[in-house]
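To keep things clear, I will list the structure first and then write my remarks on it.
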Amino acid sequence: PLTAATTAPDQTRNFAISREAGTALSISTDVPDAVAKLKSALADRELPKAIHDSKTAAHVLDPQDFSLSGVEHDTMLYSYLLDPTYSSHRLADVALRRFNLKLTGTLPESADVTGRLATTLRREVETSGLVKLYQEIDLPLVAVLTRMEDAGVKIDLKVLAAMSSRLEREIDKKSKAIYE
Numbered sequence: 142p143l144t145a146a147t148t149a150p151d152q153t154r155n156f157a158i159s160r161e162a163g164t165a166l167s168i169s170t171d172v173p174d175a176v177a178k179l180k181s182a183l184a185d186r187e188l189p190k191a192i193h194d195s196k197t198a199a200h201v202l203d204p205q206d207f208s209l210s211g212v213e214h215d216t217m218l219y220s221y222l223l224d225p226t227y228s229s230h231r232l233a234d235v236a237l238r239r240f241n242l243k244l245t246g247t248l249p250e251s252a253d254v255t256g257r258l259a260t261t262l263r264r265e266v267e268t269s270g271l272v273k274l275y276q277e278i279d280l281p282l283v284a285v286l287t288r289m290e291d292a293g294v295k296i297d298l299k300v301l302a303a304m305s306s307r308l309e310r311e312i313d314k315k316s317k318a319i320y321e
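Everything in the sequence shown is counted per the numbering used here, starting at 142 for the first residue and increasing by one.
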């Protein structure tokens with residue numbers, strides 16, 4: 142599978158891809174021909190992809206008019222399925238836990254490590270009997286959560302103000318009762 146890594150939303154857009162362990166290619170959005178090929182590859186549903194945190198990647202790619210399809214392996218989801226009690230499933234943390242590898246933070250390194258983690262963690266997910274949960278619930282839920290985050294939540298300000306007033310009155314009553 143193609144493994145991709147991208148910069149954070151507030152940084153200049155750069156990408157790295159890796160096709161096999163130990164190799165990676167950096168791509169800058171300043172190179173139009175390379176970007177067109179990358180857009181095509183990322184949008185290709187038939188080209189399997191491994192990525193760490195595909196939900197964040199979708200948020201980063203969308204404003205740049207990129208589409209991400211064909212994600213087969215999300216190493217952040219794998220990590221969470223296998224170790225739900227860990228508080229962090231960032232790529233650097235997972236690489237340290239799984240490979241005892243401290244990342245330097247370069248995009249090519251991130252793409253390479255994501256590819257290697259995808260192979261290792263997928264095997265563990267299979268061994269643990271979690272493939273169905275990953276494929277039928279966790280991975281499809283990424284697209285739903287991404288759309289929900291993009292849409293946001295509408296809040297009824299009148300209802301919120303009424304709740305706030307009611308809670309303030311209850312707090313006052315409880316405070317007086319405690320004081321007495």
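The beta carbon of each residue, even a glycine, is placed where N, CA and C say it ideally should be.
Just so we're clear, the structure is a prediction, and the values are computed from it rather than from any experiment.
Rank GLY270, PRO225, ARG288 and ALA184 by C-alpha distance to the C-alpha of LYS196 and give the top, closest one. In the sequence shown, the residue the question calls residue 196 occupies position 55. The candidate whose alpha carbon is nearest that of LYS196 is ARG288.
Pairing CB atoms from the segment 213-224 with CB atoms from the segment 273-285, are three or more of them under 8 Å? Three or more Cβ pairs closer than 8 Å define a contact, and the segment 213-224 meets that threshold against the segment 273-285.
Does DSSP put HIS200 in a helix, a strand or coil? Locating residue 200 in the sequence shown gives position 59, where the first residue counts as 1. If DSSP states are grouped into helix, strand and coil, HIS200 belongs with the helices.
DSSP state of SER169, grouped into three classes? Taking the first residue of the sequence shown as position 1, residue 169 is located at position 28. DSSP places SER169 within a strand segment (E or B) once states are collapsed to three.
Curious, which full-length alpha helix (DSSP H) runs of at least 4 residues does the segment 272-313 contain? For the segment 272-313, whole alpha helix (DSSP H) runs of length 4 or above, ordered along the chain, are 280-292.
At which residues does the beta strand (DSSP E) containing PHE240 begin and terminate? Counted from its first residue, the sequence shown places residue 240 at position 99. Per DSSP, PHE240 belongs to no beta strand (DSSP E); it is in the alpha helix (DSSP H), 232-240.
On the DSSP letters alone, give me the boundaries of the alpha helix (DSSP H) that GLU104 sits inside. What is shown of the chain runs 142 to 321, which leaves residue 104 out entirely.
In its own chain, which residues sit with a C-beta less than 7 Å from the C-beta of GLY256, not counting the 5 before and 5 after it? Sequence index remark: in the sequence shown, residue 256 carries index 115 (1-based). Sequence-distant Cβ neighbours of GLY256 in its own chain, meaning closer than 7 Å and more than five residues away, are THR144, SER159, ALA162 and ALA191.
Under 8 Å between the Cβ atoms of ARG239 and THR261? One-based indexing of the sequence shown puts residue 239 at position 98. One-based indexing of the sequence shown puts residue 261 at position 120. Closer than 8 Å, so yes.
Alpha carbon to alpha carbon, how far is ASP297 from ARG307? What you label residue 297 is simply residue 156 of the sequence shown in a count that begins at 1. What you label residue 307 is simply residue 166 of the sequence shown in a count that begins at 1. Roughly 16 Å separates the two Cα atoms.
Distance between beta carbons of ALA157 and ALA91, contact taken as under 8 Å: The structure shown has nothing for residue 91, since the chain only spans 142 to 321.
What is the rounded straight-line gap between the Cα of THR245 and the Cα of ILE168? Position 104 of the sequence shown, counting from 1, holds the residue named residue 245. Position 27 of the sequence shown, counting from 1, holds the residue named residue 168. Near 18 Å, if we compare the C-alpha coordinates of ILE168 and THR245.
DSSP on ALA184, reduced to helix/strand/coil? Your numbering for residue 184 matches position 43 in the sequence shown. Three-state result, ALA184: helix.
Could you spell out the range, first to last residue, of the beta strand (DSSP E) harbouring SER159? Start at 1 with the first residue of the sequence shown, and residue 159 comes out as number 18. Taken as a continuous stretch (DSSP letters only), the beta strand (DSSP E) holding SER159 covers 155-159.
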